[in-house]
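Colleague: The structure under discussion is supplied below as structure tokens; questions concerning it will follow.
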Amino acid sequence: MNPVILKLKKKIKYRIDMSFLSNSYKDASRLSSQIISYGNKQFKVKELFNIKGSDIKNIIIQSSVDLMDNIGKELNNINITVYGNVGYSFGEQMLSGKLILYGNALDYAASGIKGGSIFIYGNSGDYTGGKTNHGNVGIVDGFLYVKGNVGNNSIERMRRGNVIIEGNIGDYACNDMLSGTIIIKGKIGKIFAEGMKRGTIFTKDKKAVKEYAKSNDAEYNF
């Protein structure tokens, strides 16, 4: 079967909650007929998007824009590939499956994920891999890769899992880390790994150790 491909029919000016893609559909026609809100009105998905393909477990979004929020939220056993930028909460509280983004993400990407793999081939905003905007738990498990830079307050309260950041990471990163492994290849911001209890962080930026006092089994590697 061919993957389901979605592409906006026209330029949008209001935000769209894309979490409907994480629902379990019997076939692509059910997805096409799903009712979603846009502005102050309701539409069927097929009224806003051109849709083709039949494999609802493999979805491609073409020409995505940063008004499209919650792509992959609570995703379970579905693969989604996105070409373009995305809005808030990309992959928030994801359970399993794979999310691939060829573009940039706004705040709260990968926040509170519980499993699965997320690949962001661009930059990601504040609170990446951190707490959700309505909770107090960061990454519980899973894998996160970011090719570019990551914003402030990211990777907070990480419990398990693995994270790779190719670029720089902002201020207040990796705070209250409980376990897991993080690799940061770029520079780190201010107030790094405050309150860290356990886990392993690999970084090339040696200034981190000046701002951090080891506690319990936490470990730095340079």
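Residues 426 to 647, numbered by my numbering, are exactly what the sequence shown covers, in order. Glycine included, each C-beta is placed from N, C-alpha and C at the ideal position.
Can you give me the Cβ contacts of residue 414 inside the same chain, cut-off strictly under 7 Å, excluding the 5 residues immediately before and after it?
Modeller: Residue 414 lies beyond the range of the chain shown here (426 to 647); nothing can be said about it.
Colleague: Please list the segments of the beta strand (DSSP E) lying wholly inside the region 441 to 484, counting only runs of 3 or more residues, in order along the chain.
Modeller: List check, beta strand (DSSP E) in window: 460 to 463, 466 to 469, 474 to 477.
Colleague: Which whole runs of the beta strand (DSSP E) in the region 493 to 559 are 3 residues long or more, in chain order?
Modeller: 503 to 509, 522 to 527, 542 to 545, all fully within the region 493 to 559.
Colleague: Less than 7 Å between the beta carbons of residue 497 and residue 521, yes or no?
Modeller: For this step, residue 497 is matched to residue 72 along the sequence shown. For this step, residue 521 is matched to residue 96 along the sequence shown. Their beta carbons are not under 7 Å apart, which means residue 497 does not touch residue 521 by this criterion.
Colleague: Can you tell me which of the three DSSP states residue 631 falls into?
Modeller: Translated into the one-based positions of the sequence shown, residue 631 becomes position 206. Note: residue 631 maps to helix in three-state DSSP.
Colleague: Going by CA-CA distance only, name the one from 617, 593, 609 that's closest to residue 602.
Modeller: Here residue 602 refers to the residue found at position 177 when the sequence shown is read from its first residue. It is 617 whose Cα lies nearest to the Cα of residue 602.
Colleague: Could you check whether the Cβ of residue 622 sits closer than 7 Å to any Cβ belonging to chain D?
Modeller: You won't find chain D in this structure, because it holds only one protein chain.
Colleague: If I follow the unbroken beta strand (DSSP E) through residue 433, where does it start and stop?
Modeller: Taking the sequence shown and counting its residues from 1, one reaches residue 433 at position 8. Here the beta strand (DSSP E) through residue 433 covers 428 to 433.
Colleague: Please classify residue 462 as buried or exposed, where buried requires at least 16 neighbouring CB atoms within 10 angstroms.
Modeller: In the sequence shown, residue 462 corresponds to position 37, counting from 1. Its Cβ having fewer than 16 others within 10 Å, residue 462 is exposed.
Colleague: Starting from the C-beta of residue 608, find all residues in its chain whose C-beta is less than 6 Å away, skip the five residues before and the five after it, and write them out in chain order.
Modeller: Here residue 608 corresponds to residue number 183 of the sequence shown, with the count starting at 1. Excluding sequence neighbours, residue 608 sits near 589, 627.
Colleague: What is the DSSP secondary structure of residue 569, counted as helix, strand or coil?
Modeller: Here the question's residue 569 lines up with position 144 in the sequence shown. In the structure shown, residue 569 sits in a strand (DSSP, three-state: E or B).
Colleague: Can the beta-carbon of residue 528 be found closer than 7 Å to that of residue 555?
Modeller: Counted from its first residue, the sequence shown places residue 528 at position 103. Counted from its first residue, the sequence shown places residue 555 at position 130. Taking 7 Å as the Cβ cut-off, residue 528 and residue 555 do not qualify as a contacting pair.
Colleague: Once DSSP output is grouped into helix, strand and coil, what is the label at residue 608?
Modeller: Within the sequence shown, numbered from 1, the residue matching residue 608 stands at position 183. The answer is strand: DSSP assigns residue 608 an E or B state.
Colleague: To the nearest whole angstrom, what separates the beta carbons of residue 480 and residue 562, a pair I think is in contact under 8 Å?
Modeller: Looking up residue 480 in the sequence shown gives position 55. Looking up residue 562 in the sequence shown gives position 137. 32 Å between Cβ atoms; not a contact.
Colleague: For residue 613, write down the residues that DSSP places opposite it in a beta bridge.
Modeller: The count along the sequence shown starts at 1 and reaches residue 613 at position 188. Its beta-bridge partners are 594.
Colleague: Verify whether the separation of the beta carbon atoms of residue 447 and residue 476 is less than 7 Å.
Modeller: As a working note, residue 447 is residue 22 in the sequence shown. As a working note, residue 476 is residue 51 in the sequence shown. It is not a contact, given that the beta carbons lie outside the stated cut-off.
Colleague: When you compare the CB positions of residue 582 and residue 604, do they come within less than 7 Å of one another, or not?
Modeller: The residue given as residue 582 occupies position 157 in the sequence shown. The residue given as residue 604 occupies position 179 in the sequence shown. Result no, Cβ atoms of residue 582 and residue 604 do not sit closer than 7 Å.
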